[in-house]
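Taking it in order: structure first as structure tokens, then the write-up.
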Amino acid sequence: MESLNLVMTNSHALYANLPQPVCNLGGVSRSSRTSARRRNNVVWCKGGERLWLDRRELLLASTSAIAVGVTKKAAAKPMPPPDLSKCHKPDTAPADAQNLNCCPPYSEKAVDFELPINLPMRVRPSAHDVSDKYVETYTRAVQLMRELPSDDPRSFTQQANVHCAYCDGAYYEGSLPVELQIHNSWFFLPWHRWYLYFHERILAKLVGDDNFALPFWNWDAPAGMTFPSMYSHQGTPLYDELRNPDHMPPTKIDLNYSPNENPSTLTDPELVASNTNLMYRQIVSGAKTTKLFQGQPYRYGTNPDPGAGTLENAPHGPVHVWTGSPAQPNIEDMGNFYSAARDPVFFAHHANVDRMWTIWKSLGGKRRVDFNEPDYLQSEFLFYDENARLVRVKVADALDPKNLMFSYQKVDIPWINARPKKSSVTTQVASSFGTPAAIAAGHIAEFGSRARKLVVPITALVKRPKKKRSDKEIEDETEEVLVIEGIEVKRGVAVKFDVFINLAEADSNTAISCPEYAGTFSNVPHHHEHGDESAKENANKKNPFRKSSFRVGITEILEDLGATEDENIVVTLVPKGDFKANPIKISSIKIDYD
Ligand code: C2O
-14 MESLNLVMTN SHALYANLPQ PVCNLGGVSR SSRTSARRRN NVVWCKGGER
36 LWLDRRELLL ASTSAIAVGV TKKAAAKPMP PPDLSKCHKP DTAPADAQNL
86 NCCPPYSEKA VDFELPINLP MRVRPSAHDV SDKYVETYTR AVQLMRELPS
136 DDPRSFTQQA NVHCAYCDGA YYEGSLPVEL QIHNSWFFLP WHRWYLYFHE
186 RILAKLVGDD NFALPFWNWD APAGMTFPSM YSHQGTPLYD ELRNPDHMPP
236 TKIDLNYSPN ENPSTLTDPE LVASNTNLMY RQIVSGAKTT KLFQGQPYRY
286 GTNPDPGAGT LENAPHGPVH VWTGSPAQPN IEDMGNFYSA ARDPVFFAHH
336 ANVDRMWTIW KSLGGKRRVD FNEPDYLQSE FLFYDENARL VRVKVADALD
386 PKNLMFSYQK VDIPWINARP KKSSVTTQVA SSFGTPAAIA AGHIAEFGSR
436 ARKLVVPITA LVKRPKKKRS DKEIEDETEE VLVIEGIEVK RGVAVKFDVF
486 INLAEADSNT AISCPEYAGT FSNVPHHHEH GDESAKENAN KKNPFRKSSF
536 RVGITEILED LGATEDENIV VTLVPKGDFK ANPIKISSIK IDYD
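With our numbering applied, the sequence shown has no gaps in its numbers, which climb one by one up to 579 at the end.
What follows is the structure in structure tokens.
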């Protein structure tokens, strides 16, 4: 029996076939609907004379929204399971999601989860690579799930509600009047693993086949970079009407998609290069420690949303909003947490997200391990199983897929060694004028101590506390981390921004397939964008802003940019879309160590 079906593709052979990453792709501009206000210029990775563009950022008075939440830090504890008797109308679901009730059927008693010792090892297949027989079984399973009465916790409606309840504020943290939120923290990966596990077991039971395993949408490899066709046939149980019709096969997915931006005009090879570099940054170079990849600690008695890991930001977020319908008020179904799991493709998307966890752990090094704190391991959630029993699960039991008897089909992982190459322009500029950051030091200001709105790109000089890693730090694999704090976004808006290092001229036309691209922040909507008013009316309504932070590892990028000994780096944040009406607020940019 094979435990983890991973392939480490031989880097060079595979990567040789992919387009090489560069910033200065011709024609990287977004088209055309509003082309008048968009520059069509070719952006260079580095160009000495263009480093000190004048950015007009707006200063922002530091009025912050009042959060319904915890102000004092309570004694740290694992998260207890939600109290189902206190389940209520979701606080952060869109105001226009009428009469939404996503509480599960009530049951007083829960049993403790037991590891499935009698299950066969199930191999989750790649969705673009399955047999007709598989599609037939899976389709029948979902059909049967849809036919269950809607008050059966295993029914399709109730299954979709599970996500809504845990993601839109229908539960409290234990007995505290604080929203329980399983996104934007270290619970993102284990909670979704559990969710898929039970969903899969219910489907298996419905078709009487213990070998049944969910498919994964292999969006990280060129062959899987289209919407999986088995879900795209109208009138079948795997179909969902509320999707973006322009994104059905054979359109290639943009893993850095923002619905607030004009459609990408990247050619397919450029899109593959862009997706590949995003994968490399978010899963490999930017995520060399547990927190960077998995998200920030979130303990009982603390506020939700401490910060997502790199994977959750992207590609997880962009795949959601790329799939949902732009014609719907809240990008339903996939583009909003309350409705996302009404689309069966949700489960294939999350199977690939889950697969990324197994790949990341296999990348080696001392730091790519799971959290081992009791506050994490002993945290608990509730799910209904295939026998409609309420089951209490612990995070600790989710960490090893072998224990849950599933693995993933072996497929190529073309981004795993796709370390972007330093451009020759970089070298030239660096040698004749000093490094770009050194040049910039005299021209670009620091971020400053006041919060700022991110409407046009912000470029700031960021001081590095240390110019060199000590031997001990190298030995310990200590990672230099770019930290953006006090990010405040409207929950209902699909906000996204990209981060570039030592590329002051980066703007929304800059392709992310270059070495200077450091990572992406994204917010999957979970509140209506006009929800403020109703929030004020109802004291229990969650405030419409999500406050969070963004972290990405930059040790490797600095090596590749020849900037390891620089005193400063130049950080450029590029909002992906027009957020004038709903500005992204940011309070600081700094460098930290993890
Ligand atoms: Cu719980 Cu992809 O969202």
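C-beta: ideal position from N, C-alpha, C; glycine also.
Please read these numbers as outputs of a predicted model, since none were measured by experiment.
For D461, count the other beta carbons within 10 Å of its own beta carbon; 16 or more makes it buried, fewer makes it exposed. Which is it? exposed
For T236, collect the residues of the same chain with a Cβ closer than 8 angstroms to its Cβ; drop the 5 residues on either side in sequence, then sort them by chain order. T211 and F212
Rounded to the nearest angstrom, what separates H511 and E501 at their Cα positions? 31 angstroms
Please tell me whether, using a cut-off of 8 angstroms, the distance from the CB of V555 to the nearest non-hydrogen atom of the ligand C2O is below it. no
Going by the C-beta, is A293 closer than 8 angstroms to any heavy atom of the ligand C2O? no
For the beta strand (DSSP E) containing S259, name the first residue and the last one. No beta strand (DSSP E) contains S259, which is instead part of the alpha helix (DSSP H) from D253 to M264.
Run through DSSP, which three-state label would F391 get? strand
My output table needs one value for D360: the three-state DSSP class, helix, strand or coil. helix
Could you tell me the distance, in whole angstroms, from the CA atom of D360 to the CA atom of A436? 32 angstroms
In whole angstroms, what separates the C-alpha of I429 from that of A445? 6 angstroms
E473 - containing alpha helix (DSSP H), residue span: It is not in any alpha helix (DSSP H) - E473 instead sits in the beta strand (DSSP E) that spans E465 to K475.
If you draw a straight line from the C-alpha of R131 to the C-alpha of C152, how long is it? 22 angstroms
Following a CB-centred definition, is I167 positioned closer than 8 angstroms to any heavy atom of the ligand C2O? yes
Can you find a heavy atom of the ligand C2O that lies under 8 angstroms from the Cβ of C72? no
From R197 to S214, what does the alpha carbon distance come to, in whole angstroms? It is Phe, not Arg, that sits at residue 197 in the sequence shown. Rounded to the nearest angstrom, the two C-alpha atoms are 19 angstroms apart.
Tell me which residue opens and which closes the alpha helix (DSSP H) that G504 is part of. Premise fails: G504 lies in the beta strand (DSSP E), Y502 to S507, not in any alpha helix (DSSP H).
The stretch 298 to 310 touching the stretch 318 to 338, judged by at least three CB pairs closer than 8 angstroms: yes
Coarse secondary structure for R352, derived from DSSP in three states: coil
I'd like to know whether the C-beta atoms of R404 and Y578 end up nearer to each other than 9 angstroms. no
Distance cut-off 8 angstroms: F322 Cβ against heavy atoms of the ligand C2O: yes
What do you reckon, is the C-beta of V338 under 8 angstroms from a heavy atom of the ligand C2O? yes
Proximal residues to T261 (C-beta, below 7 angstroms), its chain only, five neighbours per side dropped: L3, P399, W400 and A403
Proximity below 9 angstroms, CB of K448 to CB of N528: no
Are the stretch 73 to 91 and the stretch 134 to 151 in contact at 8 angstroms, needing three or more beta carbon pairs? yes
Alpha carbon to alpha carbon, what distance is there between L546 and P450? 18 angstroms
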